[in-house]
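Taken in sequence, the protein lines are chains A and B.
Our numbering applies: residue 1 is where the first sequence begins, and numbers increase by one.
Our numbering applies: residue 1 is where the second sequence begins, and numbers increase by one.
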Amino acid sequence: MSTFLDSLNADLRKAIERIGVTVTLGARQKVFERGDTGESFYIIEKGSVIVHDGALVLNELAEGEAFGEIAGLGGMPRTATVTATEDLTLLRVEREALYSVLQTEPESLRYLVQMLCERESGMADRMTNRAWRLKATEHELEIGQRIQAGFLPDVLPDIPGYEVAGHFQAARVVAGDFYDAFQIPSIGRLALVIGDVCDKGVGAALFMTLFRSLIRATAQSRRFMNWAVDYDPAQTIVPDGRDRNALVNETLANTVSLTNNYVATTHGKTSMFASVFIGLIEPTTGKLDYVNAGHEEAYIVGDGGIRLKLPPTGPVLGIFAGAGHEIASAQLRAGETLLLYTDGVPEATSESGEQYSEQRLNALLDQWQGSARELLQQISGSVSDFTQDARQHDDIAMLASRRLSV
Amino acid sequence: MMSEDLQIGVSREEGGKAVTIMRLRGSLDANTQSVLEDKAREVIDAGAEYLILDMSAVDYLGSAGMRAIHAITNLLSPEDPSMRSTHLKVLSPSAAAAKVFKTLGFDSFIDIHESLDDAISSF
C-alpha cells in the first residue's frame with residue numbers, strides 16, 4: 001500500500017517537508033485525545049501509532065502515513081485518540097501554513113482534495129464492511145434470542161385451585177435469568193423454579209440453558225426414564241413402596257446436587273454459577289418444600305403483606321462441588337401467593353443511580369391484593385415508573401403462584 | 001449513587017509468607033469485573049501466591065464481580081478442588097459486599113477477616 005508521503009506529488013511533498021515541524025514522543029505518549037481541538041495534522045516519519053477510543057483500537061499506522069486531518073484541516077474536534085506504540089518522530093503541519101502553500105500552488109490543492117477523497121472512500125468501504133459484519137452478528141443474536149425463549153415455559157401449569165404467572169424482561173438480547181414451572185406427576189407436586197446466572201449476555205445465556213435443562217430433567221427424571229406413576233392424592237405410599245414425602249425430598253436433593261456437581265466438575269474453570277430457588281408444592285395441602293441455593297429471599301405474601309421470607313439454605317450452584325443444601329418447608333395458605341424474583345427487581349436503577357430496593361418492593365406488597373398475574377404486572381409497572389428512561393442494567397424474572405381461596 | 005468504575009491499589013506485606021493486598025474502591029460488577037481479573041492476573045503472573053482483597057470501599061458487588069473473585073481463586077490454586085479458598089482472603093467487606101457474600105454462600109468458601117493482621121496470619 002502506498003503511504004501518504006509516497007502518494008504526494010513532488011512539489012507538495014517538498015512544500016510539506018519545508019513547513020512541517022519535527023516532533024518526537026516516547027512509547028505510550030499521546031499525540032492528542034478524542035475531543036481535543038487541533039490546528040495541525042501529522043505525518044509519521046519514524047515509528048508507529050494506534051488510533052483508538054479508550055481500549056477500542058480503530059487503526060494502526062506506520063511510517064509515511066498521515067493522521068489528524070479532520071481537526072487539522074477541517075477544524076472539527078479530534079474524533080479519536082492517537083498514542084505512540086514506540087519511539088515516534090512526527091512531522092507536524094499547521095493548517096494555516098499549508099493553506100499559504102496551497103494559495104501559491106493551486107495544482108497542489110486539486111491534488112490534496114483528490115487524496116482526501118481517496119482516504120474517505122477507503123473509510124467508507126471499511127464502515128460498510130463493519131456494518132455488514134455487525135448485521136450478521138445481530139442476526140446470530142436474534143436467532144439465539146428466539147431459541148432461548150424456548151427455554152422458558154410456553155404454557156404454565158393449569159392446576160385446580162392455583163394460579164401461576166411469570167414475567168421476563170432481558171437487559172440485553174439474550175439473558176441469564178430464567179423461570180420454570182412444571183408438574184411432577186410421579187410425586188404429585190408442582191415445581192416452581194427461578195434462577196439467575198451470574199453475569200449477563202451470551203455467556204450467561206448459554207449457562208441459563210444448561211442450568212434450566214439440568215433442573216427440569218432431573219426433577220422429572222422418573223417421567224423421562226419411563227417410571228412415572230400416576231398421582232393419587234389419597235395414597236401416601238407410592239407403588240415402589242416408599243413414603244411420598246421421602247420421594248419429594250429425594251427429588252429436591254437429587255435435582256440440586258446433580259445440577260451443582262455436574263456444572264462444578266464439568267465447567268468449574270469458567271467460574272459461572274447460578275443462584276436458584278426450587279420449590280415443590282403439594283397442591284391439596286399447600287405444603288412447600290424448597291431449596292434456596294444462594295438466591296434472593298422468596299416471599300409468601302398474604303393480604304397483610306409478606307408473611308414469610310424464605311432465605312438461602314445453601315450456596316449458589318455450579319462452582320462448589322459437593323456443597324450441601326438444606327431442604328426447608330413452609331406452608332402456602334389459601335389466598336396466599338409465593339413470589340419468586342431475581343435481583344433485577346430490587347437493583348433496577350434510576351437515571352440518578354438510585355436502586356428500586358427491597359424496601360420499595362416490600363412496601364408495594366404491603367398494599368397489594370389480587371391475582372398472581374396482576375401482582376407481577378404491578379411490580380413490573382412500579383419498577384418501570386421508578387427507572388423511567390434509564391437503561392435496564394440487569395435481567396428481570398419473576399414467578400408467582402397463588403393458592404386460591406376455596 | 002453508585003460509582004461507575006473500580007480503582008485498585010496494590011501493596012505487599014513481607015511476613016512469614018509474602019502477601020499481596022489489593023484495595024478495591026468503587027463498583028465491582030459486570031462492567032468492572034475484567035478490571036479486577038486483569039489486575040489479579042498481572043500480580044499473580046508477577047509471582048503473587050497469597051492475595052487479600054480489601055473490600056471496605058466496594059459500594060456495589062454484583063454476581064458478575066463474585067464470578068471474577070472465584071476466577072481469581074482458580075488462578076491462585078488451579079488444582080485445589082477443596083471447598084475452602086486457601087490462597088485468597090477478604091478483608092473488611094462493606095455492608096453491601098458482605099450481604100452478597102452471605103446470600104450467595106461465598107462466606108463459607110472464602111474467609112472474611114476484619115483486621116489486616118488476622119488476614120495475613122491466616123495464610
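No residue lacks a Cβ here, since even glycine has one placed at the ideal position from N, Cα and C.
Here the structure is a predicted model, which means the values were calculated and not measured.
Span of the alpha helix (DSSP H) around residue 34 of chain A: Counting along the chain, residue 34 of chain A falls outside any alpha helix (DSSP H), and DSSP gives it neither H nor E.
Could you run through the stretch 45–73 of chain B and flag, in chain order, every residue whose CB is less than 7 Å away from some CB of chain A? 63, 64, 66, 67, 70 and 71
Just to confirm, are residue 252 of chain A and residue 214 of chain A a CB contact at a threshold of 8 Å? no
Residue 325 of chain A burial status per 10 Å Cβ neighbour count (16 or more: buried): With a 10 Å radius around the Cβ and a threshold of 16 neighbouring Cβ atoms, residue 325 of chain A comes out buried.
Simplified DSSP assignment, three categories, for residue 132 of chain B: The displayed coordinates of chain B run from 1 to 123. Any statement about residue 132 of chain B would go beyond what the structure contains.
Beta-carbon proximity list for residue 84 of chain B, same chain, < 7 Å, skipping 5 on both sides: 109
Span of the alpha helix (DSSP H) holding residue 19 of chain B? No alpha helix (DSSP H) holds residue 19 of chain B; the beta strand (DSSP E) holding it covers 18–28.
Checking contacts by CB at 8 Å: is residue 1 of chain B closer than that to chain A? Reliability fails at residue 1 of chain B, whose pLDDT of 41 lies under 50, so the model's placement of it is uncertain and the value that follows must be treated cautiously. Taking Cβ atoms only, chain A reaches closer than 8 Å to residue 1 of chain B, which makes this a yes.
Going along the chain, which residues of its own chain have a beta-carbon closer than 7 Å to the beta-carbon of residue 315 of chain A, five neighbours each way excluded? The beta carbon of residue 315 of chain A sits closer than 7 Å to those of 293, 294 and 323, all from its chain and outside the five residues before and after it, given in chain order.
Nearest to residue 21 of chain B by alpha carbon, out of B/5, B/96, B/114 and B/10? B/10
Taking the straight line between their C-alpha atoms, what separation do you get for residue 170 of chain A and residue 5 of chain B? 23 Å
Check whether the Cβ of residue 273 of chain A lies closer than 8 Å to any Cβ atom in chain B. yes
Within 8 Å, do at least three Cβ pairs link the stretch 276–283 of chain A to the stretch 185–195 of chain A? The answer is yes - the stretch 276–283 of chain A touches the stretch 185–195 of chain A, with three or more Cβ pairs under 8 Å.
Between A/55, A/219, A/352 and A/46, which lies nearest to residue 66 of chain A when the distance is taken from Cα to Cα? A/46
Could you please give the first and the last residue of the uninterrupted alpha helix (DSSP H) stretch that includes residue 55 of chain A? Unbroken run through residue 55 of chain A: none, as it is neither H nor E.
Taking Cβ positions only, does residue 97 of chain B come closer than 8 Å to chain A? no
Separation of residue 91 of chain A from residue 417 of chain A, as counted between CA atoms: Outside the modelled stretch of chain A, which goes from 1 to 406, sits residue 417 of chain A, for which no answer is possible.
Closer than 8 Å to chain A by CB, residue 101 of chain B: no
Under 8 Å between the Cβ atoms of residue 320 of chain A and residue 363 of chain A? no
Go through its chain and collect everything with a Cβ distance to residue 102 of chain A's Cβ below 8 Å, but skip five positions before and after it. 108, 109 and 112
Residues bridged to residue 356 of chain A by DSSP? Answer is none; residue 356 of chain A lacks a bridge partner.
Looking at the structure shown, is residue 213 of chain A part of a helix, part of a strand, or coil, going by DSSP? helix
Across which residues does DSSP place residue 329 of chain A in a beta bridge pair? A/289
Specify whether the stretch 31–49 of chain B and the stretch 65–72 of chain B touch according to this definition: at least 3 beta carbon pairs, one from each stretch, less than 8 Å apart. yes
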